[in-house]
Amino acid sequence: MVVQIKVSGDPRRPNETHAFKMLPPTAEDQTPGALLLLAIGFGMAALLLKVKACAWAGVVCVVMCVANINSADLDVKSIMSAGS
490 MVVQIKVSGD
500 PRRPNETHAF
510 KMLPPTAEDQ
520 TPGALLLLAI
530 GFGMAALLLK
540 VKACAWAGVV
550 CVVMCVANIN
560 SADLDVKSIM
570 SAGS
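Here's what the structure looks like:
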């Protein structure tokens, strides 16, 4: 036996709803992305120009990015994609 409850009107509370307001990104939020982009650039320069200093600079950028990951974003998939 299924019990159905009929509600008249809209059960939501329109006076308690709030529009989502996106916060502007801070410099700390943009740093890991910039470091990964820099690491990719150094890695490509190391492959194309065969300069070992560029390869080491890319490795340092990846290590800095992994070290600055927030604990909320810390999972194996993101770390492996940052390192590869």
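In this text, residue positions in the sequence shown follow our numbering: the first is 490, and each later residue adds one. Beta carbons are placed, not taken as given, at the ideal position from N, Cα and C, and that holds for glycine.
Gly522 counts as exposed, since fewer than 16 other C-beta atoms from the protein chains shown sit within 10 angstroms of its C-beta.
Val555 carries a helical assignment under DSSP once its states are collapsed to helix, strand and coil. The three-state secondary structure of Phe531, taken from DSSP, is helix. Taking C-beta atoms as the reference points, Leu527 and Cys550 count as a pair closer than 8 Å. In the three-state reduction of the DSSP assignment, Val549 falls in the helix class.
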